[in-house]
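Numbering (my numbering), first residue to last: 178 to 313.
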């Protein structure tokens, strides 16, 4: 890495180039070479932490699958099991109705920066085309 080093009145200084970007609505700072955590090796999918949107989508699909396979009688039973709010569970399950290209954008982290989990999970339109118009 090409770092600038200088000495001033306060002592030695080192300038390190960083990249500022937004990921799922959160600001994130990273070094230019993100692979520096594993020198000489490619970055693996599990080396990168899941975004809050990815986790919410996974929870929604897991809870819906538990309901469909009879492991839960209803979503209220899941509220007691997980120790979360009823509205939270229903919002996460709402994410399972999103259009495939929107789900892909969540997983690839390519959604517009202004979009939040609340925007996606609360009262999503039933038609995929209406969902797309709401987002893009």
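The beta-carbon is built from N, C-alpha and C at its ideal position, and this holds for glycine as well.
Using 9 Å as the threshold, is the C-beta distance between residue 311 and residue 290 below it?
no
Is residue 313 near the ligand PLP, in the sense that its beta carbon is under 8 Å from a heavy atom of that ligand?
Absent from the structure shown: the ligand PLP. Ligands present: none.
With a CB to CB cut of under 8 Å and the five nearest residues on each side skipped, what residues in its chain are close to residue 243?
Cβ neighbours of residue 243 beyond the five flanking positions: 249 and 255.
To the nearest angstrom, how far is it from the Cα of residue 298 to the Cα of residue 225?
24 Å
Residue 258 classed as buried or exposed, judged by whether at least 16 other C-beta atoms fall within 10 angstroms
exposed
Buried versus exposed call for residue 304 [16 or more other C-beta atoms within 10 Å across all chains shown]
exposed
Thinking residue 231 and residue 279 are a contact (beta carbons under 8 Å), I'd like their distance in whole angstroms, please.
That belief does not hold up - the Cβ atoms of residue 231 and residue 279 are roughly 13 Å apart, past 8 Å.
Between the Cα of residue 238 and those of 302, 286, 313 and 270, spot the shortest distance and give me the residue it belongs to.
Answer by Cα proximity: 270.
Tell me which residues share the same chain as residue 294 and place their Cβ nearer than 7 Å to its Cβ, disregarding the 5 neighbours each side in the sequence.
Closer than 7 Å at the Cβ level, and outside the excluded window around residue 294, lie 229, 230 and 233.
Per-residue DSSP class, three states only, for residue 178:
Unreliable positioning characterises residue 178 in this predicted model, as indicated by a pLDDT of 44, which lies under 50. A coordinate reading is not provided.
Alpha helix (DSSP H) containing residue 238: first to last residue?
Residues 229-245.
Between which residues of its own chain and residue 268 is the CB-CB distance below 7 Å, once the five residues before and five after are set aside?
298 and 299
Please report the distance separating the alpha-carbon of residue 212 from that of residue 236.
Here residue 212 scores only 47 on pLDDT, less than 50, and its place in the model is too uncertain to base an answer on.
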